[in-house]
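Residue numbers (our numbering): 2 to 994.
Shown next as structure tokens:
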């Protein structure tokens with residue numbers, strides 16, 4: 002046995018890391034399963050890492066040799082002491098069971114017990130061994146069941162000593178430690194629940210596509226300088242492995258992994274990363290490889306250049322064969338994508354006939370067998386049921402049993418299909434999930450918009466339905482989606498560790514790893530609040546209002562805010578973002594200077610830039626309203642919006658130029674404001690990012706603000722809360738049980754000269770907080786009712802606002818019901834609003850999902866796999882209605898799809914008292930494959946709103962909500978008795994007595 006003094010990567014042929022076998026169940030006598038790095042101590046233990054050399058056998062896989070070097074570098078980052086690489090009295094030994102003479106010698110001598118690790122998939126062992134070798138008193142052994150298990154084991158130590166997986170990608174400095182110890186015992190992080198776990202770099206222009214070639218150098222394919230080279234991918238592979246991922250779909254927007262740098266595949270093999278290709282790129286070839294060489298009616302294979310299996314089959318098969326031959330020749334580990342889609346992420350141009358797709362897949366598997374000389378089942382393969390491809394499955398097409406069938410979400414984080422227990426497969430199932438998207442509805446790719454509670458619900462469902470073969474997430478540029486990417490991979494490794502009630506713990510750990518112990522709690526709270534607020538509406542959609550016309554048609558308006566001026570909704574959501582932005586800024590100021598770049602990259606930019614965007618949009622849409630009303634303040638709001646745009650540019654410039662000494666120059670270039678501007682960049686503007694000739698455009702304000710001519714003379718204007726107008730505008734009705742923000746009138750000036758105003762009431766029970774004053778621009782006057790003086794029942798009064806020689810009368814109505822007999826949620830203002838978690842009775846299995854809703858928690862029928870048959874889980878709510886007649890009940894549900902194996906829709910039922918339940922299929926009219934406008938409305942609003950109508954009497958009632966099907970998540974219930982006005986989030990919850 003010999004140990005080299007320096008690490009050298011392997012030569013020409015890089016071996017495959019794993020044979021693709023399934024891992025065994027946990028066995029007795031195995032090491033203790035711990036959280037990542039939990040066996041590291043900074044006070045004392047059985048082995049000191051400071052100064053101990055890190056030794057690896059020269060016979061190891063190159064990825065293991067390389068990770069030993071990373072571990073040395075990480076120990077130096079933390080301690081300031083660089084470990085050596087030769088054996089000493091105290092030594093760290095890194096190696097793979099069955100491959101490393103160092104490790105196998107310890108096993109053979111009985112000094113290292115690998116029970117519970119040997120023979121498993123990607124499993125590691127960390128243990129302190131006394132007198133392992135002649136002349137060695139003590140060793141800290143990092144052993145893997147296979148080379149990737151060893152790699153994960155070494156990076157787990159790095160994590161434990163305080164090196165963030167994002168140390169390079171987000172400039173996270175570790176805390177300096179003079180003492181770093183390993184605790185006694187045998188430790189493991191277990192075997193991953195999901196076999197292949199990874200991400201897809203996608204939609205990478207302009208941000209990553211601008212930055213990466215400038216930072217790492219251009220791609221090496223002639224004529225394609227924008228390609229990503231092996232130095233770039235080395236950084237991607239490293240963070241993937243540090244996150245315990247093993248699988249990658251490389252970037253595809255005008256990029257070809259194999260051609261952009263001939264070293265790319267080799268580098269993947271050296272790191273130990275499994276390569277795949279996306280759903281539109283079969284047979285280990287990116288679609289751009291075809292696009293670069295097939296044009297003008299020809300292709301390199303003697304065909305017509307068409308991406309058509311019907312019209313160009315011989316050339317297409319030759320192209321596919323070359324992809325499999327390359328994998329065999331270069332010896333990299335891959336999972337082969339089967340099937341065929343249209344060029345450009347579309348449906349197949351040859352039609353969707355099942356027989357044609359069956360022929361395509363058979364031809365592909367034949368090529369695999371011919372090239373490899375082995376049965377096709379010995380080469381890992383996937384068929385991804387993305388968008389229209391799922392229709393083949395739904396119509397009965399099945400692929401051979403060894404193929405992993407990858408099920409997908411709808412691009413907006415809602416899974417479309419779960420595995421059927423009636424159809425077990427040896428190849429199992431997979432999941433393709435999105436944290437970034439370009440397409441129907443609207444692109445979202447600027448900042449992270451994932452709500453971890455929603456992500457958890459969907460991943461938990463996949464786990465519960467037995468989907469454990471291959472999980473891959475579309476992470477866009479990767480940078481910017483660090484938090485959901487890490488959670489996705491953590492959950493895929495050990496789903497049972499991260500129940501929804503432990504998500505706050507996960508967020509604190511993420512914050513602690515990146516910002517330190519002192520900031521961890523508050524930083525985690527900011528991260529959770531950020532995810533919840535972002536989940537209300539993608540920031541790219543803040544200038545789109547979606548409504549239903551009288552005929553039920555979905556109507557888009559890209560010149561309106563989705564939030565309402567009524568109920569002060571736009572003000573309230575903007576204020577929540579302002580407060581979160583201020584909180585993030587306070588945290589940053591308290592952090593050590595060395596950590597502030599990491600904070601800005603991981604949290605600060607996304608929070609403050611989104612808070613600024615909300616303030617910009619509030620100013621913009623308030624300006625447009627004020628301009629219509631002729632308010633003198635209109636131009637002030639225009640200036641505020643323009644300042645918001647400049648601040649948006651300044652935040653991006655700080656990211657690009659100031660952070661990390663300009664390391665990220667060109668990265669923060671993603672437009673996010675000018676969506677919908679058809680006049681500027683064409684008919685794709687309602688969904689596509691601002692761009693011309695595939696090059697992103699800098700943002701401008703859209704819709705544009707308006708400036709008005711303001712006369713010198715004063716002019717009285719009165720605006721009424723709720724937008725009432727007519728001869729006698731009226732305020733929303735008053736109630737002692739109301740929870741809506743206090744009613745108000747705004748007295749505004751139409752000119753430049755200030756004037757005095759006066760507000761008089763017609764009845765003694767009306768009160769105003771500012772009955773007189775002086776108006777320069779405008780004054781808000783809140784109106785209240787003195788309920789001790791208001792008569793019982795319904796009463797009317799008015800306000801008269803006078804000033805600048807004019808007067809305006811505003812109608813007011815007070816409704817004072819008798820308190821006798823009121824129970825539960827009480828009607829006020831013509832509606833009752835209920836948060837689903839506040840039920841009076843729950844029958845059957847239910848789970849409260851904290852933070853999953855747009856305004857709070859949701860209630861999910863439990864378990865998500867169902868099993869209740871006709872005994873539907875029930876929630877009951879006690880309500881008091883003040884009048885008899887027809888009411889409409891709006892159910893606000895998470896926008897899920899009909900994902901259940903044996904169910905066509907997704908249903909709930911609703912009734913009052915003992916009436917017959919009315920069933921509702923929330924997916925009716927929505928198509929999650931074609932991505933039609935009904936589906937897009939649900940996903941854009943991030944809620945599914947459906948209505949039932951009922952005839953009820955006045956008094957106390959029991960509102961009953963049944964979950965007919967599993968996976969239903971109800972967030973809110975709103976009863977409209979005639980006074981409900983449109984808002985995005987619905988009114989605040991009603992008062993409960």
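Glycine residues also receive a C-beta, built at the ideal position from the N, C-alpha and C atoms.
For residue 823, which residues in the same chain have their Cβ closer than 6 Å to its Cβ, ignoring the five residues on either side in sequence?
Taken in chain order, the residues that qualify are 881 and 994.
Alpha carbon of residue 325 to alpha carbon of residue 372, nearest angstrom:
7 Å
Ends of the alpha helix (DSSP H) at residue 626?
606-630
Quick one: using the 10 Å Cβ neighbour count with 16 as the cut-off for buried, is residue 132 buried or exposed?
Residue 132 counts as exposed, since fewer than 16 other C-beta atoms from the protein chains shown sit within 10 angstroms of its C-beta.
Looking only at DSSP bridge pairs, what is residue 693 linked to?
696
Tell me, to the nearest whole angstrom, how far the beta carbon of residue 781 is from that of residue 472; I am working on the premise that it is less than 8 Å.
That belief does not hold up - the Cβ atoms of residue 781 and residue 472 are roughly 51 Å apart, past 8 Å.
Quick check: the stretch 91-103 against the stretch 132-152, are at least 3 beta-carbon pairs closer than 8 Å?
Short answer: they touch.
For residue 322, count neighbouring Cβ atoms within 10 angstroms of its own Cβ and tell me buried if that reaches 16, exposed if not.
Buried, since its Cβ has 16 or more Cβ neighbours within 10 Å.
Measure the C-alpha to C-alpha separation of residue 230 and residue 480 and round it to an integer number of angstroms.
17 Å
Report buried or exposed for residue 587, applying the criterion of at least 16 other Cβ atoms within 10 angstroms of its Cβ.
With fewer than 16 Cβ atoms within 10 Å of its Cβ, residue 587 is classed as exposed.
Would residue 963 and residue 918 qualify as a contact pair, given that the criterion is a beta-carbon distance under 8 Å?
In this structure, residue 918 lies closer than 8 Å to residue 963 by Cβ.
Assuming residue 283 is part of the beta strand (DSSP E), what are its boundary residues?
Looking at the DSSP string, residue 283 is not in any beta strand (DSSP E), and its letter there is neither H nor E.
So, helix, strand or coil for residue 444, using DSSP?
coil
Under 7 Å Cβ to Cβ from residue 509, same chain only, skipping five residues before and after it: list those, please.
Result list for residue 509: 521, 522 and 525, in chain order.
When 366, 623, 516 and 644 are compared against residue 635, the one with the closest alpha-carbon:
Check the Cα spacing between residue 635 and each of 366, 623, 516 and 644: the tightest is with 623.
Starting from residue 318, trace the alpha helix (DSSP H) both ways and give me its first and last residue.
314-331
To the nearest whole angstrom, what separates the beta carbons of residue 362 and residue 340, a pair I think is in contact under 8 Å?
6 Å
Are the beta-carbon atoms of residue 826 and residue 878 separated by less than 8 Å?
yes
Just to confirm before moving on: does the CB-CB distance between residue 1 and residue 409 stay below 8 Å?
Outside the modelled stretch of the chain, which goes from 2 to 994, sits residue 1, for which no answer is possible.
Cβ-Cβ distance between residue 689 and residue 446 below 8 Å
no
C-beta neighbour in chain C for residue 672, strict 8 Å:
The structure shown contains no chain C; it holds only a single protein chain.
For residue 1005, three-class secondary structure by DSSP:
No answer is possible for residue 1005: the residues shown for the chain start at 2 and end at 994.
Per-residue DSSP class, three states only, for residue 369:
The answer is helix: DSSP assigns residue 369 an H, G or I state.
Nearest-angstrom Cβ-Cβ length linking residue 944 and residue 855, presumed shorter than 8 Å
With 8 Å as the limit, residue 944 and residue 855 qualify as a contact, their Cβ atoms being about 6 Å apart.
Mind checking whether residue 1001 and residue 541 have CB atoms under 8 Å apart?
No information on residue 1001 is available, as it lies outside the stretch 2 to 994 that the chain covers here.
Is the CB-CB distance between residue 351 and residue 310 below 8 Å?
yes
Give the secondary structure of residue 726 by DSSP, where H, G and I count as helix, E and B as strand, and everything else as coil.
Because residue 726 sits at a pLDDT of 47, beneath the cut-off of 50, its placement in the model cannot be relied upon, and the point is left open.
Is residue 271 buried or exposed, if buried means 16 or more other CB atoms sit within 10 Å of its CB?
buried
Which whole-angstrom value describes the C-beta separation of residue 369 and residue 337, a residue pair presumed to lie in contact below a C-beta threshold of 8 Å?
7 Å
Can you give the beta carbon distance from residue 435 to residue 412, rounded, assuming they're within the 8 Å contact cut?
5 Å
With DSSP as the reference, label residue 123 as helix, strand or coil.
coil
Please name the residue, chosen from 192, 83, 989 and 120, that lies closest to residue 569 on a Cα-to-Cα basis.
Taking only the C-alpha atoms, the option nearest residue 569 is 989.
So, at 6 Å on beta carbons, what are the nonlocal neighbours of residue 101 in its own chain, with the 5 sequence-adjacent residues on each side left out?
58 and 61
Who are the near neighbours of residue 267 in its chain, counting only those whose CB is closer than 8 Å to its CB and skipping five residues on each side?
15, 231, 331 and 333
Can you give me the C-alpha to C-alpha distance between residue 17 and residue 265, rounded to a whole angstrom?
Per-residue confidence for residue 17 stands at a pLDDT of 34, beneath the threshold of 50, marking its modelled position as unreliable; the derived number appears in the next sentence. Each residue's Cα considered, the two are about 16 Å apart.
In whole angstroms, what separates the C-alpha of residue 297 from that of residue 313?
14 Å
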